[in-house]
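Notes follow once the structure below has been shown.
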Amino acid sequence: MKKILIATHGNLASGAKSTLEFLVGNIVDITCIDAYVDPDENLIDILENYFSKIDADDEVIVFTDIKGGSVNQKIIQYTMKPNIFLITGFNLPILLELAIMDKKITVESLEEMIDICKNQLELIKIDMKRESDDDFLE
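Here the sequence shown stands for residues 1 to 138, numbered as in full-length UniProt numbering.
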């Protein structure tokens, strides 16, 4: 079974999950961890609990917000299995692609998807001299 874990500092994870489910519904198992929001919650305990329930036939894609950040560092130790993939620095297009993807996940397919989704990040330059709103996206 394909599972997606989104783990971030603050509430970014729950926001990403909410947006993804808004767009595609509940077609995939998505878990979010909003790290350091509740001072009574221990990130290591939450991760232990999550990864203890992963079966050998599960495909787990883990998304973290900052490469080398504390959340990313704590998750790395759980990703040493061939069925668990860690992607750091993510955007909505890659979440959407993975949610609707129906083929087996491989390192190669993830690398290709990352390359495609990186190109979704772009500065939109608006010509302030344009004649009308009709040509806004041209």
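We put the beta carbon where it would ideally sit given N, CA and C, even for glycine.
So what does residue i bridge to, in DSSP terms?
| i | result |
| --- | --- |
| Thr88 | Thr64 |
| Cys32 | Ile6 |
| Glu59 | Lys2 |
Out of curiosity, what's the CA-to-CA distance linking residue i and residue j?
| i | j | result |
| --- | --- | --- |
| Ile94 | Asn11 | 19 Å |
| Phe90 | Ile75 | 15 Å |
| residue 222 | Asp55 | Residue 222 cannot be examined here, being either before or after the span of the chain that is shown, 1 to 138. |
| Val107 | Leu47 | 23 Å |
| Gly25 | Cys117 | 21 Å |
| Leu123 | Asp102 | 31 Å |
| Glu41 | Gly68 | 21 Å |
| Tyr39 | Lys129 | Note that residue 39 is Pro in the sequence shown, not Tyr. If you take the alpha carbons of Pro39 and Lys129, they lie about 51 Å apart. |
Figure out for me which residue from the options has the closest Cα to the Cα of residue i.
| i | options | result |
| --- | --- | --- |
| Ile6 | Asp115, Asp127, Leu98 and Glu108 | Leu98 |
| Leu43 | Val28, Ala56, Asp29 and Asn72 | Asn72 |
| Ile27 | Ser18, Lys118, Ile33 and Asp34 | Ser18 |
| Ala35 | Gly25, Lys53, Thr88 and Ser14 | Ser14 |
| Ser70 | Thr8, Thr79, Met1 and Lys2 | Thr8 |
| Thr88 | Lys53, Ile114, Met80 and Lys81 | Ile114 |
| Phe85 | Phe51, Leu23 and Gln120 | Phe51 |
| Leu121 | Lys129, Glu112, Ser109 and Leu92 | Leu92 |
| Asn49 | Thr64, Tyr78, Leu23 and Asp57 | Tyr78 |
Residue i and residue j look like a contact to me (Cβ under 8 Å); what is the Cβ gap, rounded to whole Å?
| i | j | result |
| --- | --- | --- |
| Val60 | Asn83 | 6 Å |
| Ile30 | Glu21 | 7 Å |
Just verifying my parser: in three-state terms, what is the DSSP assignment at residue i?
| i | result |
| --- | --- |
| Asp40 | coil |
| Tyr50 | helix |
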